[in-house]
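K.L.:
Residue numbers (the working numbering): 1 to 59. Even glycine gets a Cβ: it sits at the ideal position worked out from N, Cα and C.
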Amino acid sequence: MEFEIVSVLKRFKAMLLQKNETVETMQGYLMQSIKAELEETQALYMRRQNMKQHNIFNQ
Numbered sequence: 001m002e003f004e005i006v007s008v009l010k011r012f013k014a015m016l017l018q019k020n021e022t023v024e025t026m027q028g029y030l031m032q033s034i035k036a037e038l039e040e041t042q043a044l045y046m047r048r049q050n051m052k053q054h055n056i057f058n059q
């Protein structure tokens, strides 16, 4: 999980430097990026859980 957050922060820093903006003006982008990463991680976790429960090859 930490790797994903660090990745988001690195992308955020690159975007800050590219656009020459302040953290305050880019705060919405940061929050959106973190939320999207957490949703993706949750979806992956749920797929793994469902695969264990509903794997047709383990019956």
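Is there contact between the segment 4–13 and the segment 26–41, where contact requires at least three CB pairs shorter than 8 Å?
P.N.:
With a cut-off of 8 Å, the segment 26–41 and the segment 4–13 count as touching, because enough Cβ pairs lie within range.
K.L.:
Counting only runs that start and end within the segment 12–58, where is the alpha helix (DSSP H) found for 4 or more residues in a row?
P.N.:
27–54
K.L.:
Short check: CB of F12 to CB of L30, under 9 Å?
P.N.:
Along the sequence shown, read from residue 1 onward, the residue named residue 12 stands at position 12. Along the sequence shown, read from residue 1 onward, the residue named residue 30 stands at position 30. Yes.
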